[in-house]
Amino acid sequence: MPFDITVLTPHLDTLLAGALLTAEVCALGIAAAFALAMALGLLAVGGGWAGRLARLYVDVFRNVPFVVQVFFLFYGLPEVGVYIDAFWTGVLALGLVGGAYGSDVVRSGILAIEPGVVEAAKVSGLSRSAIIRRIILPIALRTALRPLGSVFVNLVLSSSILSMITLDEVTGTARGVASETYRPFEVYAFLLAAYAGLTYALSLGIDALHRRLNRHMTANGAPKRAANRAAGGWA
Amino acid sequence: MRHAGFTWHDGALLAQGLGVSLGLFVGTFLIGLVLGSAAAVVRHFRVPALGALLHTALELLRNSPVLVQLFLVFFGVPALIHQPLTPVFAAGLTLSANTAAFVYFIAVAGLDAVGREQVEAARAFGLSRAQLVRHILGPQAAAFAVAPLVGLAVNQLQVTSLVSVIGVIDLTKAGDILNLRTLRPFAVWAIVGALYFAAAKTLTLLGNRWERRLRAHAPPLGL
Amino acid sequence: MIAVEGVVKRFGAHTVLDGVSLTVAPGEVVTILGSSGSGKSTLIRCVNGLETLDGGRISVDGLDVADPRQLAQARRLSATVFQLFNLYPHMTVLRNLTLAPELVLKRPKAEVEGQARALLASVGLAGKANSYPGQLSGGQRQRVGICRALAMNPRYLLLDEVTSALDPEMTAEVLAILGRLATQGTTMLFVTHEVEFARRISTRIVFLDQGRLIVDLPTDQFFAVDGGLAHPRIHQFLSKMAPSSTAPAAPVAEMPA
Chain A
1 MPFDITVLTP HLDTLLAGAL LTAEVCALGI AAAFALAMAL GLLAVGGGWA
51 GRLARLYVDV FRNVPFVVQV FFLFYGLPEV GVYIDAFWTG VLALGLVGGA
101 YGSDVVRSGI LAIEPGVVEA AKVSGLSRSA IIRRIILPIA LRTALRPLGS
151 VFVNLVLSSS ILSMITLDEV TGTARGVASE TYRPFEVYAF LLAAYAGLTY
201 ALSLGIDALH RRLNRHMTAN GAPKRAANRA AGGWA
Chain B
1001 MRHAGFTWHD GALLAQGLGV SLGLFVGTFL IGLVLGSAAA VVRHFRVPAL
1051 GALLHTALEL LRNSPVLVQL FLVFFGVPAL IHQPLTPVFA AGLTLSANTA
1101 AFVYFIAVAG LDAVGREQVE AARAFGLSRA QLVRHILGPQ AAAFAVAPLV
1151 GLAVNQLQVT SLVSVIGVID LTKAGDILNL RTLRPFAVWA IVGALYFAAA
1201 KTLTLLGNRW ERRLRAHAPP LGL
Chain C
2001 MIAVEGVVKR FGAHTVLDGV SLTVAPGEVV TILGSSGSGK STLIRCVNGL
2051 ETLDGGRISV DGLDVADPRQ LAQARRLSAT VFQLFNLYPH MTVLRNLTLA
2101 PELVLKRPKA EVEGQARALL ASVGLAGKAN SYPGQLSGGQ RQRVGICRAL
2151 AMNPRYLLLD EVTSALDPEM TAEVLAILGR LATQGTTMLF VTHEVEFARR
2201 ISTRIVFLDQ GRLIVDLPTD QFFAVDGGLA HPRIHQFLSK MAPSSTAPAA
2251 PVAEMPA
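Chains as they are written, first to last, in the working numbering: chain A, 1 to 235; chain B, 1001 to 1223; chain C, 2001 to 2257.
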């Protein structure tokens, strides 16, 4: 049987419904991941128990396969009495892993801030929370936007794994279409191209946003050549 | 925690699964390393049609879900060519290609990082392209690429967990089987997760050690 | 008054400040001179609480900087201008000036903005209120840094090598402004390499060498042959940094405002 993409036409509605579900679960998952990444990123920069715990959390979620995390949440939690449906388990799983990878990015962004800028904020008497909200996070996120965006795009790709827990997102829907049409090659090739197109578009959007937010930025207001000339040492 | 229902047999099953996962990982990573590096060299020397084609294909591979790639190869290709593929073969093929895609982009960055001056000097001295790659570009690009490659390795190790979906009896599938028997998903998936974690951390440790050794011998870039 | 009493500061095994004491009374302009590594910047960083003390005590109008709550209050009384400007890169020039007065001093927005614009006008940057630090030259950025400090209406102005990162032309711009502030009676504590400038505007000069305070003298006495210049270390320093200062004082030339 030769390659024939038109076999998909009657099923586009179904696939679109699946795509919509993908969009929903990803949007919520990304939002959760973003919030968690900021919180963990801030904690992970610091010392003490909170810092160590944050870094341990990140370590665990970065070194266990996503599908195992999803199975643990979906099948394991009910065993200890926590019942969440497939959709919200998906959101939770994406949020937890996205928060872990994202926090590393945010942490790098925070560490890249010129320390003098934070010092200026401190000596002007700004409170800790004001410094975090108005100085540290806005600057760190501007640097971290592109790699953070890349983490979120990966979440979209990982969402395909949620088809394994009976969620009818686009990959799960596609499996159904494939078995109905007996044309798995066309279905999955189309799906592949669709995901790639979507992530490409998202990356372009993130790049544009990154450029726009960073159009005025330098490190601390100091000219680059002067930064090289500044005296080192203790004085 | 009472391990009622867990036996030594289960340990053996998990160990076997882990072995399959590791074997699949090592095999596909090495193949992907070779293929991806070769593709990067092709692009570096600006081979016209081939370079662009490879780039597009690899861009596609790294921007789509591995799960869908697996389905395409295991379900889709046999429908097209009227020949079945074994789960292991399909898994090996998919993961090698997927790994090659990521290696390609890392290698391209590594090759680009080697200063143009060195390439010009080498060419001026009459080195052939092959010699250029072997003695100048290769070693320095490799030193640059080691850290991201270690990160990629850890990632690809975890990606192997998806082959369980097409029936390969890897660690995840072993967990699945164990689950069906013991009906203790919380414990089973926690243990499976812990095993993957240990494997990943070991890999990172080995990778870092190797990176330190490589950096000790390789000269700094652009000197 | 800023009171520094027997301050000791170590970084690891290295003692950067070894029992330094000095005072800055309202209206004074005190300059700290010394070579690199003498501990000058560290001292200022101890006054505004960026470094903690390993010994001794610093108080600003009676508030002990070692106590977090008192330090928070002390920080409202002083303002710092930094060598590398340390402007907030993601905010406009105007916002850089108005942020702390609004949030820390809780002053109304309109009043703060009005003062900020006036300050910018006084340094010749009226048109740059909506620009970003990244769009300004080094001299302009430091002028913004000074305005940002002044917007807090500080009792004490701390200046940490504020012209060291500028080229000669920009240095002159900034020094002109600082000279004006000094004549207007602003209390200032300076760390600088600009010996000639220090001589012009300071009321007192303090010399640090390897963490120790060698002399603390009114300006004329510091540059007098039988005063500061009598110390070999100071004489050596001044011969290198400002050879003309080891000669009798030359007439002062006016700097453009």
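Backbone N, C-alpha and C define an ideal beta-carbon position, used for all residues, glycine too. Predicted, not measured: the structure shown is a model, and the values here were computed from it.
Residues of the same chain with a CB within less than 8 Å of the CB of Leu1070 of chain B, apart from the 5 flanking positions on each side, are Ala1090, Ala1091, Thr1094, Leu1162, Val1163, Val1165, Ile1166 in chain order. Not one beta carbon of chain C lies nearer than 8 Å to the beta carbon of Pro147 of chain A. At a cut-off of 8 Å between beta-carbon atoms, Glu24 of chain A makes no contact with chain C. Any Cβ of chain A closer than 8 Å to the Cβ of Tyr1196 of chain B would place that residue at the interface, and such an atom is present. Taken in chain order, the whole alpha helix (DSSP H) runs of length 4 or more contained in the segment 2080-2133 of chain C are 2093-2103, 2109-2122.
In this structure, DSSP gives Thr2015 of chain C an extended state, which the three-state scheme calls strand. Under the three-state reduction of DSSP output, Ile2002 of chain C falls in the strand class. Closest in alpha carbon position to Gln1158 of chain B, among B:Pro1148, B:Asp1170, B:His1135, is B:Asp1170.
Residue environment analysis places His1009 of chain B among the exposed positions, since fewer than 16 neighbouring C-beta atoms fall within 10 angstroms of its C-beta. For Phe152 of chain A, the nearest beta carbon of chain B is not closer than 8 Å to its own beta carbon.
Secondary structure note for Arg211 of chain A: its alpha helix (DSSP H) is the uninterrupted segment 184-213.
In the structure shown, Leu137 of chain A falls within a helical segment according to DSSP collapsed to helix, strand and coil.
When 9 Å is used as the limit between beta carbons, Pro1148 of chain B is near no residue of chain A, the shortest such separation being about 13 Å. If only uninterrupted beta strand (DSSP E) runs of at least 3 residues are considered, none is enclosed by the segment 1017-1056 of chain B. For Val2112 of chain C, no CB of chain A lies under 8 Å from its own CB, so it is not counted at the interface with that chain. DSSP, read as helix, strand or coil, puts Thr2031 of chain C in strand. For a cut-off of 8 Å, the C-beta gap from Gly2055 of chain C to Val2007 of chain C is around 7 Å, short enough to register as a contact. Here the alpha carbons of Arg1215 of chain B and Leu2017 of chain C stand approximately 40 Å from one another. Taken in chain order, the members of the segment 1198-1219 of chain B whose beta-carbon sits within less than 7 Å of a beta-carbon on chain A are Ala1200, Lys1201. For Leu1180 of chain B, there are no neighbours in chain A by C-beta distance under 7 Å, as the nearest C-beta there is about 11 Å away.
For the segment 2027-2053 of chain C, the set of positions with a beta-carbon nearer than 9 Å to some beta-carbon of chain A reads Gly2034, Ser2035, Ser2036, Gly2037, Ser2038, Gly2039, Lys2040, Ser2041, Thr2042, Arg2045, Asn2048, Gly2049, Leu2050 in chain order. When the beta-carbon positions are compared, Ala196 of chain A and Val187 of chain A stay at least 8 Å from each other. Three or more Cβ pairs closer than 8 Å define a contact, and the segment 1005-1025 of chain B falls short of that threshold against the segment 1072-1083 of chain B.
In the structure shown, Val2191 of chain C adopts extended strand secondary structure according to DSSP, grouped into three states. Scanning chain B for C-beta atoms nearer than 9 Å to the C-beta of Arg215 of chain A yields nothing, as the closest lies near 25 Å away. Bounds of the alpha helix (DSSP H) holding Asp1176 of chain B are 1171-1182.
If the five residues before and after Glu2194 of chain C are omitted, its C-beta is found closer than 8 Å to the C-beta atoms of Thr2163, Thr2171, Leu2175, all from its own chain and listed in chain order. Residue state for Tyr83 of chain A is assigned as coil, using DSSP reduced to three classes.
In the three-state scheme derived from DSSP, where H, G and I count as helix and E and B as strand, Ile113 of chain A is classed as coil.
Per DSSP, the beta-bridge partners of Pro2218 of chain C are C:Arg2204.
If the five residues before and after Gly1110 of chain B are omitted, its C-beta is found closer than 6 Å to the C-beta atoms of Ala1141, Phe1144, Ala1145, all from its own chain and listed in chain order. Judged by beta-carbon spacing, Leu1053 of chain B lies beyond the 8 Å limit of Ser1096 of chain B, meaning their Cβ atoms are not closer than that value. The three-state reading of DSSP puts Arg2010 of chain C in strand, counting E and B together. Across the structure, Leu2103 of chain C and Leu126 of chain A are spaced so that their CA atoms are roughly 7 Å apart. Assignment of Ser2038 of chain C by DSSP, reduced to helix, strand and coil, places it in the coil class. Per DSSP, the unbroken alpha helix (DSSP H) holding Ile2146 of chain C starts and ends at 2138-2150.
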